[in-house]
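Notes follow once the structure below has been shown.
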Amino acid sequence: MEVVGKKEEDNEYAIKPENISPTTDTSTWPLLLKNYDKLRVRTGHFTPIPVGCPPLKRDLKSYVSSGVINLDKPSNPSSHEVVAWVKRILKIDKTGHSGTLDPKVTGCLIVCLDRATRLVKSQQGAGKEYVCVLRLHDKVTNEAQVSRALETLTGALFQRPPLISAVKRQLRIRTIYESKLLEFDNDRHLAVFWVSCEAGTYIRTLCVHLGLLLGVGGHMQELRRVRSGALSENDNIVTLHDVLDAQWMYDNTRDETYLRRVIRPLESLLTGYKRIVVKDSAVNAVCYGAKLMIPGLLRFEDGIEVHEEVVLMTTKGEAIAIGIAQMSTVEMTTCDHGVVAKVKRCIMERDLYPRRWGMGPIATEKKKLKADGKLDKFGRANEATPKKWKEKYTDYNATEGEAKPEGAPADRDVEMKASEPKPEAEKKDKKRKSVEVEETEEEKQERRRLKKQKKEEKKARKEKERADKSDD
């Protein structure tokens, strides 16, 4: 006992000061915040704005309108019918899906609701996985022969859509990434195989090609899609009955639990993208289409390359937009200014976060000069503008004449330029260009619809006049 006591006296049992910061385990955090601590840090300083919330904690209305359903499509109804039923059950305005399945085909059909329909195009182009039952028209030598044939039909293949498809039967190239024979029954002439392929691949055509390659002929007996883009049949797949029951539970008992289980946040489709975390003060500017600059950057992922698609996200894990990276990871680490990413598809609603642009020192000074009458109402220089302002400020929105540092051009020159008649062709071209720049996809569709409606009305009017004349 004396020896043990002596040993304890010799050792110093005390907590010593250490320069170690406590780490947060983010490996269990949901959706886009998973492994947040492993992202590269540009800066840790930003002002949190008390708006927005994590995707899983949105109020039910926002949750549904920014949600997706990983639906197990039943056999017989078409994809468009199924999506229309979901729209009617959930009483929402807009739905879309991630790639059409033939009526007899079952499996993963990602249904995007309201706001999430902005991601439909990105999901339609994503890779797909199928499990197919192939019926051969005769016996083959052995199982190895079928495996070899599947291996041969890998990579880029020529395909013509089958007769049953409602598309133009044009020869196209589609890529088969990987395929695997799962089961084979030579007596019943049946084979089951798994295939991972590019979007737009016709498995029906692949089965015909397999039959030709084996020399016995074959056709597709049955097909199931097991993965579509980011979601597979193991990722909380639900049936139409689940959707119907969840909505019934909410309507009758006001229990949101089942609806929240059936619908997933749209961020679940973006977990495969590399992430860029944006400061709260820059979020609304990005929603209005501004490019993300270095001062608005908080964190970013390793391995980002220039022109790669990335997801811009908030500190709470909300997706702001899908962007195109304008800098690589190395450049983001070393640069102090420049464009990080430009917006490809904006997802978040505008003005969810407050406006925080036009609050810098130059913008504040410009507002003061406008208030004092030293700049005109458009912020352009006039006779009262201080010389110092003209020298240091460059107006990038000005015309060539106005961009001179000495000051603005004479009003007479501007008037003369404005009064010069322009050729008709130039006017039309300018009008077309302005339409191309300003119009969104929805506006373009609306304009076309109205144009078509006018044509139909004109046609109906002419037919009516013709009918009236013939009666006379």
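Heads up: the sequence shown at position 231 corresponds to 212 in the working numbering, and the numbers run straight through without jumps. Glycine included, C-beta positions come from ideal geometry on N, C-alpha and C.
A straight-line Cα-Cα distance of about 5 Å links L356 and A362. Inter-residue distance for T234 and L41 is about 14 Å (C-alpha atoms, whole angstroms).
Here M313 is buried. Its C-beta has 16 or more other C-beta atoms within 10 Å.
If you check the CB distance, G210 and K325 do not come in under 9 Å. For N51, no alpha helix (DSSP H) encloses it; the enclosing beta strand (DSSP E) starts and ends at G48 to K54.
Look at Y158 here: in three-state DSSP terms it is strand. By the C-beta criterion, the region 59 to 66 is judged not to be in contact with the region 11 to 19, since fewer than 3 inter-stretch pairs fall below 8 Å.
Residue pairing from DSSP places M274 in a beta bridge opposite V320. Nearest Cα to Q140 within the set T122, R185 and N167: R185.
Within the region 328 to 384, complete alpha helix (DSSP H) segments of at least 4 residues are found at 342 to 352 and 368 to 373, given in chain order.
DSSP places L115 in the strand class (E or B) of the three-state scheme.
Q434 sits in a helix when the DSSP states are folded into three classes.
Contiguous beta strand (DSSP E) elements confined to the region 272 to 313 occur at 278 to 281, 290 to 294 and 300 to 306, taking only those with 3 or more residues. Our two residues, P11 and I30, have alpha carbons roughly 21 Å apart in a direct line.
Here H78 is near I91, since their CB atoms are less than 9 Å apart. DSSP lists V112 and K161 as the beta-bridge partner residues of W175. Short of 6 Å from the beta carbon of L240, and not among the five residues preceding or following it, lie these beta carbons of its own chain, in chain order: A227 and Y231. Considering only R337, D223, G253 and D236, the residue with the shortest C-alpha distance to G277 is R337. Using a C-beta cut-off of 8 Å, the region 81 to 100 makes contact with the region 196 to 213, since at least three inter-stretch Cβ pairs fall below that distance. Close CB contacts of E214 within its chain, under the 6 Å cut and outside five residues either way in sequence, are with C89 and V207 (chain order). Under a 10 Å Cβ-count criterion, M201 is classified as buried, with 16 or more other Cβ atoms of the shown protein chains found around its own Cβ. Ranked by Cα distance from M340, the options A263, T366, L134 and V219 are led by A263. The C-alpha of R99 is placed about 40 Å away from the C-alpha of K443.
Sorting Q151, F165 and L131 by C-alpha distance to the C-alpha of K120 places F165 at the top.
For A263, no alpha helix (DSSP H) encloses it, and the DSSP letter there is neither H nor E.
Put simply, the region 153 to 160 touches the region 123 to 143. At least three CB pairs are less than 8 Å apart.
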